[in-house]
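Visitor:
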Amino acid sequence: MSTSTAPASGTRRSRRRAEDVAGLGTKRALVFVTPALLVIALFLLFPALWTIYLGMTNFRLTGLAAANTEFVGLDNYAQALGDKSFWNSLWLTVIFVGFSGVLGQTLLGFTLAWSTRRIVGWARTLLESVVLAAWVIPGSVHAFLWIALLDRRGGTLNALLGTDGKAWLIEHPMTIIVIFNIWVGTAFSMQLFSSALSAVPPSQMESARMAGASGWEQLRDVVLPNIRGHVLTNTLMITLWTFNTFTPYLLTAGGPNGKTEILSVYIYKTAIPGGQLGFGAALSMIMLLINLGIALLYMRIGRSKK
Amino acid sequence: MSTNPPSFGRQLRKVLGRTLFIVLLVVIGIFFALPMAWLVVAPFDANPTMAVKWPEWTLGNFQRLAENPYALGSIGNSLIIAIGTMLITVLLATIASYALSRVRIPGRDGLLYGMLLLSSIVTGTAAMVPTFQLMNAINLINTHTGVMLVLAGGLLPTVVFILKDFMDSVPKSYEESARLYGAKPYQILSHVVVPVARPGIAFVAIWTIVQVWGNFLVPFLLLRDPTTQPAAVMMYTFYTESGQADLRLISAFSLIFALPVILIYFFVNRKFGFRFYGGIKS
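Top line first, the protein sequences correspond to chains A and B. Going by our numbering, 639 is the number at position 274 of the first sequence; the sequence numbering is gapless. Going by our numbering, 96 is the number at position 79 of the second sequence; the sequence numbering is gapless.
1. Are the CB atoms of valine 587/A and alanine 573/A within a distance shorter than 8 Å?
2. Against valine 278/B, what residues of chain A qualify as contacts under a CB-to-CB distance less than 8 Å, listed in chain order?
3. How is arginine 482/A classed by DSSP in three states: helix, strand or coil?
4. Which partner residues does tryptophan 74/B have in the DSSP bridge list?
5. Using a Cβ-Cβ distance cut-off of 8 Å, determine whether glycine 463/A contacts chain B.
6. Taking Cβ to Cβ, would you say valine 467/A is nearer than 8 Å to isoleucine 627/A?
7. With DSSP run on the structure shown, which of helix, strand or coil describes threonine 140/B?
8. Determine whether the Cβ of aspartate 385/A lies closer than 8 Å to any Cβ atom of chain B.
9. Please determine, among Ile502/A, Pro503/A, Ser480/A, the residue with the shortest C-alpha to C-alpha distance to leucine 492/A.
10. At the 8 Å Cβ level, is isoleucine 405/A part of the contact set with chain B, yes or no?
11. In the DSSP assignment, find the alpha helix (DSSP H) that holds glycine 504/A and state where it starts and stops.
12. Answer with yes or no whether the minimum CB distance from lysine 31/B to chain A is below 8 Å.
13. Counting only Cβ pairs nearer than 8 Å, list the residues of chain B close to histidine 415/A.
14. If I follow the unbroken alpha helix (DSSP H) through glutamate 626/A, where does it start and stop?
15. Comparing the C-beta of methionine 53/B with each C-beta of chain A, is any distance below 8 Å?
16. Give the interface partners of arginine 196/B over in chain A, defined as CB-CB distance under 9 Å, in chain order.
17. Valine 565/A to asparagine 591/A, Cα distance in whole Å?
18. Pop quiz: leucine 172/B and threonine 244/B are said to be a contact at Cβ under 8 Å. What is the actual Cβ separation, rounded to whole angstroms?
19. Contact between the stretch 249-256 of chain B and the stretch 87-94 of chain B is defined here as three or more beta-carbon pairs at a separation below 8 Å; is this criterion met?
20. Given this structure, state the Cα-to-Cα distance separating lysine 298/B from serine 568/A, to the nearest angstrom.
21. Does DSSP put threonine 434/A in a helix, a strand or coil?
22. Beta-carbon of arginine 585/A versus every beta-carbon of chain B: anything under 8 Å?
23. Would you tell me roughly how many angstroms separate the C-alpha atoms of valine 213/B and valine 187/B, rounded to the nearest one?
24. Please say whether tryptophan 500/A and glycine 550/A have beta carbons closer to each other than 8 Å?
25. Run through the DSSP bridge pairs and tell me what threonine 422/A is partnered with.
26. Could you check where the alpha helix (DSSP H) with aspartate 385/A kicks off and where it finishes?
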């Protein structure tokens with residue numbers, strides 16, 4: 366570009382002008398950006414800030430406090446810390462995220478990516494497409510497909526296993542939503558690891574093989590060190606999404622007896638049908654802080670990689 | 018190194034290992050396909066059951082769906098919400114990303130990353146209470162506008178971020194020559210930049226529609242009136258309220274609701290590749 370030959374003293378200025386070849390100027394640029402920022406500020410930033418305020422009130426949808434909202438300071442947080450259901454839901458969330466996201470999706474996704482590398486084209490396409498389709502189908506349909514699969518009378522699983530009358534969703538609710546979430550989310554890990562594996566230098570694999578390294582040794586000494594960054598990205602992304610998912614609600618509505626009441630479901634039940642908006646907001650705030658922690662960790666790792 | 022042929026034991030181990038490996042992949046394949054088999058078969062079965070079985074082929078289930086005002090209405094609502102959200106998001110993101118690409122507003126990079134960070138922290142789940150409260154206060158409960166704005170707010174940071182990348186790659190010489198002919202900045206945007214950046218804009222438009230089409234929580238929270246609810250919520254209501262009373266309707270509904278996204282996804286994925294699509298679900 367002709368402007369790149371500008372004298373060194375004015376390089377910065379002219380580069381700035383060189384980007385703006387249409388002559389937009391800072392003022393007009395701000396006008397262009399404002400509508401998007403306004404929507405983000407109102408419907409993303411404001412709710413976050415409003416949570417802080419709302420969490421310190423006793424706001425309710427019905428009853429006396431609905432008309433007379435009072436500022437209660439940190440009472441809601443104190444209530445949460447002393448609330449058995451809260452701790453229970455947090456514990457269930459840890460189990461849910463740990464088993465379905467961190468362990469299940471990551472391991473199964475890696476297994477798929479690793480083992481489909483060298484199988485014939487059509488088999489690979491078929492397998493990948495099925496895994497992807499599970500990811501793409503909308504949540505409500507996901508849920509119904511699994512309800513049909515696990516149905517007590519005449520569900521596919523009972524028909525296959527000959528266990529007619531077994532109520533999977535009532536007898537093993539937590540295990541089921543963990544497996545369900547692995548089924549839904551594995552596609553992401555599979556694809557991430559597939560592209561990571563294709564970037565491992567073939568020369569390193571070759572020399573490891575020449576040196577007589579077994580499959581497991583190749584994996585440990587060549588592949589894993591090469592894709593460490595991807596493993597971290599995958600783990601943090603999945604943790605964030607799994608922590609925030611609401612889809613298990615469609616399957617079990619948190620039941621039976623709160624056995625699948627993960628944090629997102631607990632907040633919904635407390636705040637909307639339960640009407641305790643203030644207390645629900647305090648719980649939301651805790652969720653926001655955990656999200657912030659995960660996101661900061663992710664950004665920090667991203668920066669150190671550069 | 019020995020030049021002997023591989024021993025029998027070693028060969029056996031190899032064959033066993035391969036067999037085990039294939040069995041493992043088949044089992045994983047069945048695990049993923051099994052729940053979906055219902056979606057493929059039941060909609061075309063004259064008498065679907067919860068279990069997958071060989072169907073008595075018919076298209077009658079789709080006719081029942083077409084006759085049900087709630088089901089049909091909810092698919093209409095889904096379309097309105099998806100297209101509306103897409104229009105708001107893509108329009109605002111296009112002008113914003115163009116400006117951010119061409120002009121170095123003070124703190125631009127901080128703004129971009131700050132927005133992305135914000136959108137990954139303030140998810141629909143974590144923000145449901147304040148969002149409900151906010152929409153209640155400004156009377157947008159039971160309106161499609163409310164749902165569209167909330168969804169657009171959540172999607173905009175990511176969409177602006179992707180589009181800015183596209184805008185950065187639009188050759189600036191085009192704009193320069195347009196300007197020499199006396200075009201105004203907004204004319205350059207609409208007549209020069211947008212046509213060149215069209216693949217990127219099309220991509221974010223499709224991506225937005227897919228995200229919104231399947232979204233359950235936001236409409237579930239904000240739309241209490243059944244006539245306003247999209248298919249994602251209506252499907253849930255159908256099988257919680259009517260139970261399995263009408264599997265014929267539910268099966269056809271599931272397929273009609275899932276199919277567009279599956280088709281779009283495989284089309285987009287082939288066209289744009291995963292690195293682009295999967296990497297930005299954040």
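Think of the CB as a built atom: it goes at the ideal place given N, C-alpha and C, for glycine as much as any other residue.
Guide: Straight from the coordinates:
1. For the purposes of this step, residue 573/A is identified with residue 208 of the first sequence, where counting begins at 1. For the purposes of this step, residue 587/A is identified with residue 222 of the first sequence, where counting begins at 1. Taking 8 Å as the Cβ cut-off, alanine 573/A and valine 587/A qualify as a contacting pair.
2. As a working mapping, residue 278/B is identified with position 261 in the second sequence. Chain A residues near valine 278/B: Val501, Ile502, Pro503.
3. Here residue 482/A refers to the residue found at position 117 when the first sequence is read from its first residue. Coil, per DSSP.
4. Residue mapping note: residue 74/B aligns to position 57 of the second sequence, counting from 1. DSSP lists Asp62/B as partners of tryptophan 74/B.
5. Translated into the one-based positions of the first sequence, residue 463/A becomes position 98. No, no contact with chain B.
6. Numbered from its first residue, the first sequence carries residue 467/A at position 102. Numbered from its first residue, the first sequence carries residue 627/A at position 262. If you check the CB distance, valine 467/A and isoleucine 627/A do not come in under 8 Å.
7. Counting from one through the second sequence, the residue named residue 140/B turns up at place 123. Looking at threonine 140/B - three-state DSSP - the assignment turns out to be coil, as it is neither helix nor strand.
8. Sequence index remark: in the first sequence, residue 385/A carries index 20 (1-based). Cβ-Cβ to chain B under 8 Å: yes for aspartate 385/A.
9. Mapped onto the first sequence, residue 492/A falls at position 127. When only C-alpha atoms are compared, the closest one is Ser480/A.
10. Mapped onto the first sequence, residue 405/A falls at position 40. Yes, isoleucine 405/A counts as interfacial toward chain B.
11. The residue you call residue 504/A lines up with position 139 of the first sequence. Residues 504-515.
12. Walking along the second sequence from the start, residue 31/B turns up at place 14. Lysine 31/B does not count as touching chain A.
13. Here the question's residue 415/A lines up with position 50 in the first sequence. The amino acid occupying residue 415/A in the given sequence is tryptophan; histidine does not appear at that position. What tryptophan 415/A touches in chain B: Pro147, Gln150, Leu151.
14. Position 261 of the first sequence holds residue 626/A. No alpha helix (DSSP H) holds glutamate 626/A; DSSP gives it neither H nor E.
15. Position 36 of the second sequence, counting from 1, holds the residue named residue 53/B. Yes, methionine 53/B counts as interfacial toward chain A.
16. Here residue 196/B refers to the residue found at position 179 when the second sequence is read from its first residue. Residues of chain A passing the Cβ test: Val386, Ala387, Gly388.
17. Locating residue 565/A in the first sequence gives position 200, where the first residue counts as 1. Locating residue 591/A in the first sequence gives position 226, where the first residue counts as 1. Their Cα atoms are separated by approximately 6 Å.
18. Reading the second sequence from its first residue, position 155 is the one you call residue 172/B. Reading the second sequence from its first residue, position 227 is the one you call residue 244/B. Not confirmed; about 25 Å, so no contact.
19. yes
20. Looking up residue 298/B in the second sequence gives position 281. Looking up residue 568/A in the first sequence gives position 203. In this prediction, lysine 298/B has a pLDDT of 36, which is less than 50 and means its spatial position is unreliable; nothing more can be read from the coordinates.
21. Residue numbering aside, residue 434/A sits at position 69 when the first sequence is read from its first letter. Here threonine 434/A sits in coil by DSSP.
22. As a working mapping, residue 585/A is identified with position 220 in the first sequence. By this cut-off, arginine 585/A is not an interface position.
23. To locate residue 213/B, count along the second sequence from 1; it is residue 196. To locate residue 187/B, count along the second sequence from 1; it is residue 170. Each residue's Cα considered, the two are about 7 Å apart.
24. Sequence index remark: in the first sequence, residue 550/A carries index 185 (1-based). Sequence index remark: in the first sequence, residue 500/A carries index 135 (1-based). Taking 8 Å as the Cβ cut-off, glycine 550/A and tryptophan 500/A qualify as a contacting pair.
25. Residue 422/A sits at position 57 when you count from the first residue of the first sequence. Looking at the DSSP assignment, threonine 422/A forms a beta bridge with Phe436/A.
26. Sequence index remark: in the first sequence, residue 385/A carries index 20 (1-based). Per DSSP, aspartate 385/A belongs to no alpha helix (DSSP H) and is neither H nor E.
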